[in-house]
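Notes follow the structure.
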Amino acid sequence: MTRPRFLPDNFTLTLVGVVLLASLLPASGQVAIGFGWLTNIAIALLFFLHGAKLSRESIIAGAGHWRLHLLVFSLTFVLFPLLGLALKPVLSPLIGDDLYMGMLYLCALPATVQSAIAFTSLARGNIPAAICSAAASSLFGIFLTPLLVTLLLNVHGDGGSTLDAIVKISVQLLLPFVAGQIARRWIGAWVGRNKSWLKFVDQGSILLVVYGAFSEAVNEGIWHQIPLRDLAGLVVACCVVLGLVLVASTVLGKAFGFSQEDRITILFCGSKKSLATGVPMAQVLFAGSTIGVLILPLMLFHQIQLMVCAVLAQRYANRQESVAELMGQVDP
4 MTRPRFLPDN FTLTLVGVVL LASLLPASGQ VAIGFGWLTN IAIALLFFLH GAKLSRESII
64 AGAGHWRLHL LVFSLTFVLF PLLGLALKPV LSPLIGDDLY MGMLYLCALP ATVQSAIAFT
124 SLARGNIPAA ICSAAASSLF GIFLTPLLVT LLLNVHGDGG STLDAIVKIS VQLLLPFVAG
184 QIARRWIGAW VGRNKSWLKF VDQGSILLVV YGAFSEAVNE GIWHQIPLRD LAGLVVACCV
244 VLGLVLVAST VLGKAFGFSQ EDRITILFCG SKKSLATGVP MAQVLFAGST IGVLILPLML
304 FHQIQLMVCA VLAQRYANRQ ESVAELMGQV DP
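Numbering of the sequence shown is given in the working numbering, commencing with residue 4 and proceeding in unit increments.
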């Protein structure tokens, strides 16, 4: 039997299950400490494999398209934060101050890598440019996100300076990524052959962080702090922010004269926010008891962006296939 279209994917259902598990059986004491070490190891492995998977040739092939990358970075690191600030009079009463802080954190994050490239490929956009743009966004986000978090939320990385936060994130995320790039010459082919099961490392590390974060949040009484009305409002808030960015990326892509393939890349790379990067970063940037509330908007936005972009990508793919078929009928 095929899955009904309105149902979330398996990973999202598992994510919901992990939140429920943490709500019923939260980790505490020495178990939580050991779980934290295990999570840090999983995150380091995740970014090591990201480095090993990413082809330098693909990065070089798309690096010259600077106008496209500049627009994508502007959407990711300028438009999103400005929207978060501009919508405060609406969002703060709608979802409450704590979840609004989570929305601001969401707006400060870099774009996704895998899903942005996958949707661009499905929609037949500029794939080399998407690879370069998404990868660069993820790397620049290591430095830009702590700065934006400081500006937007007035948070200084677990009680220290912004520089301390950048150093911590670089050690936890960037160094494993660089190590993966160095090791690519030896393990790159093996990683490429085993993508189907290595994706569970990606998903597993996120699930570990989410369980640990929500365990601590549950111990601090998260579900007593967030009314059901605020959760419903959060769905509306995520949809509004995503819709505004999708419209802006489409309009700006046309206004600056980009080709259709480039506009597709701008749409899917400029409208995403990374769960895989955002959850580990939250561990470094925020105190433990606040992480659960702050990543809740990101978790919800992640699912909404996947569902919406999947529909958009399929529409682009179908339209282009129809054009190809028409040309095939004209040409003998």
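Every residue, glycine too, gets a C-beta built ideally from N, C-alpha and C.
Look at F259 here: in three-state DSSP terms it is coil, with no helix or strand label. Across the set I134, F51, L24, N157, the C-alpha of I134 shows the shortest separation from the C-alpha of V116. In the same chain as A55, and ignoring 5 residues on each side of it, the C-beta atoms closer than 8 Å to its own belong to G183, Q184, A186, R187, I190, G191, V194, in chain order.
In the same chain as A126, and ignoring 5 residues on each side of it, the C-beta atoms closer than 6 Å to its own belong to I267, A316, Y319, A320, in chain order. Following the DSSP letters along the chain, one finds F143 inside the alpha helix (DSSP H) bounded by residues 130-156.
Excluding sequence positions up to five before and after V22, its CB lies within less than 6 Å of the CB of F217, all in the same chain and listed in chain order. The beta carbon of S31 is closer than 8 Å to those of S218, N222 in its chain, skipping five residues each way along the sequence. Taking a C-beta distance under 7 Å as the contact criterion, G273 and A220 do not qualify as a contact pair. Annotation: the continuous alpha helix (DSSP H) that includes A45 extends over 32-56.
Taken through DSSP and simplified to helix, strand or coil, L82 comes out as helix. Between the C-alpha atoms of I298 and K276 there is a straight-line separation of about 12 Å. Bounds of the alpha helix (DSSP H) holding H72 are 69-77. Rounded to the nearest angstrom, the gap between the Cα atoms of L301 and S262 is 31 Å. When the beta-carbon positions are compared, D233 and L102 come within less than 7 Å of each other. Under the three-state reduction of DSSP, R232 is assigned to helix. Taking G144 as reference, the option from N157, C110, L156 with the minimal CA-CA separation is C110. The closest CA to that of A137, considering only L107, L74, V93, is found on L74.
When V282, D265, L288 are compared, the shortest CA-CA separation from R70 is found for D265. Membership of R196 in the alpha helix (DSSP H) is indicated by the continuous run 178-196. Between T148 and L112, the gap from beta carbon to beta carbon is short of 7 Å. The Cβ-Cβ distance between F180 and H53 falls below 7 Å. P283 is the residue among G39, P283, C312, P131 whose C-alpha sits nearest the C-alpha of S173.
By the criterion of a C-beta distance shorter than 7 Å, A139 is surrounded in its chain by H72, once the five residues flanking it on both sides are discounted. DSSP places G20 inside the alpha helix (DSSP H), whose first and last residues are 13-27. In the three-state reduction of the DSSP assignment, G99 falls in the coil class.
Taken through DSSP and simplified to helix, strand or coil, P300 comes out as helix.
Residue range 117-125 is occupied by the alpha helix (DSSP H) that includes L125. The C-beta distance from L78 to A258 rounds to 13 Å, too long to fall under 8 Å, and the pair is not in contact. Look at A111 here: in three-state DSSP terms it is coil, with no helix or strand label.
As the crow flies, the alpha-carbon of A240 is around 7 Å from that of L94. The C-alpha of L156 is placed about 18 Å away from the C-alpha of V244. Membership of L278 in the alpha helix (DSSP H) is indicated by the continuous run 278-288. In this structure A89 is exposed. Its beta-carbon is surrounded by fewer than 16 other beta-carbon atoms within 10 angstroms.
Contact between A47 and L211 does not hold, since the beta-carbon distance rounds to 12 Å and is not under 8 Å.
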